[in-house]
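Visitor: Input: one structure, supplied below.
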Amino acid sequence: MRYLKLAATAVAVAALTACGGNAEPAAAPPPPTEAAEPAPPTEATEAAEPTAEAPPVDACALVPKEDAEKLAGTRLEDPVPVRETCTYSGPVSGPLAQVEVYVGDGAKKILDIDRDLDHEFETLSGIGDEAYLEDGAVFVHAAGVWVAIRLVRLDDPAKYHKPLTELARTVAGRL
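Here the working numbering = 1-based position in the sequence shown + 476.
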């Protein structure tokens, strides 16, 4: 049986080799041609029109360390900015605290996900174009920009509703 498999493999290899067709080597590729230098423009090019997109907003500037510490009610480490986010963590010695700031599409996405998960929201009137409060987070839309501020603490979340609302009002004014 072993010899049969070996023979079948040898026949398959020979058949594939024989099907190679033309025994002549493939033609050499054409020599590379030199790229022609682009001709200078004959007429003045128009300046690109500015886009309607707003300049990026610095999340750490929107919620400086002092504001984050006031919200958390404790001392926090220096901010860690990453793209459109800013995170302030509590010291390793405690207490557990973290303030996260998200700006732009990511902030809106967090709100959308929380809505899909049926979180309870309170609409905050008079703050930006629209604002919503939930336990541990506030969402603000002002000047065409979404901002989400999340607070992680082990205390009763209701204790932080007023500080989150006040910070939302401050952030909306900065946009």
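Idealized CB from N, CA, C, for every residue including glycine.
Fair warning: this is a prediction, and the values are worked out from it, not measured in the lab.
Which one of Pro557, Ala535 and Leu587 has the shortest CA to CA distance from Glu596?
Guide: For the purposes of this step, residue 596 is taken as residue 120 along the sequence shown, with counting starting at 1. Among Pro557, Ala535 and Leu587, the Cα nearest to that of Glu596 belongs to Leu587.
Visitor: Would you check if the stretch 606-620 and the stretch 559-574 touch, i.e. whether three or more CB-CB distances between them fall below 8 Å?
Guide: The stretch 559-574 vs the stretch 606-620: no contact.
Visitor: Can you name the residues that DSSP bridges to Glu610?
Guide: Position 134 of the sequence shown, counted from the start, is the residue given in the question as residue 610. Ala613.
Visitor: From what residue to what residue does the alpha helix (DSSP H) around Thr641 run?
Guide: The residue given as residue 641 occupies position 165 in the sequence shown. Element bounds for Thr641: His637 to Arg650.
Visitor: Taking Gly602 as the reference, give the member of Thr563, Arg645 and Arg591 with the closest Cα.
Guide: As a first step, residue 602 is located in the sequence shown; it is residue number 126 there, counting from the start. Here the closest residue by C-alpha is Arg645.
Visitor: DSSP three-state call for Ile589: helix, strand or coil?
Guide: As a working note, residue 589 is residue 113 in the sequence shown. In the structure shown, Ile589 sits in a helix (DSSP, three-state: H, G or I).
Visitor: Quick one: measure Cβ to Cβ for Pro633 and Leu547, integer angstroms, because I've assumed they're closer than 8 Å.
Guide: Position 157 of the sequence shown, counted from the start, is the residue given in the question as residue 633. Position 71 of the sequence shown, counted from the start, is the residue given in the question as residue 547. Pro633 to Leu547, Cβ: 13 Å. No contact.
Visitor: Any chance you could list the beta strand (DSSP E) runs of at least 3 consecutive residues sitting entirely within the stretch 530-594, in chain order?
Guide: With a minimum length of 3 residues, the continuous beta strand (DSSP E) runs that stay inside the stretch 530-594 are 556-558, 561-565 and 574-579.
Visitor: Could you tell me which residues DSSP puts in a beta bridge with Ala618?
Guide: The sequence position of residue 618 within the sequence shown is 142, counting from 1. Answer is Val621, bridged to Ala618.
Visitor: So, for Ala484: in the same chain, excluding its five sequence neighbours on each side, which residues have a beta-carbon less than 7 Å away from its beta-carbon?
Guide: Sequence index remark: in the sequence shown, residue 484 carries index 8 (1-based). In this prediction, Ala484 has a pLDDT of 47, which is less than 50 and means its spatial position is unreliable; what the coordinates show is noted afterwards. If we look at Ala484 and ignore the five residues flanking it on each side, it has no Cβ neighbours.
Visitor: Going by other Cβ atoms of all chains shown within 10 Å of its Cβ, with 16 needed for buried, is Ala524 buried or exposed?
Guide: Here residue 524 is taken as the residue at index 48 of the sequence shown, counted from 1. With a pLDDT of only 44 at Ala524, under 50, the local geometry of the prediction cannot be trusted, and the value read off the model is given with reservation. Ala524 comes out exposed.
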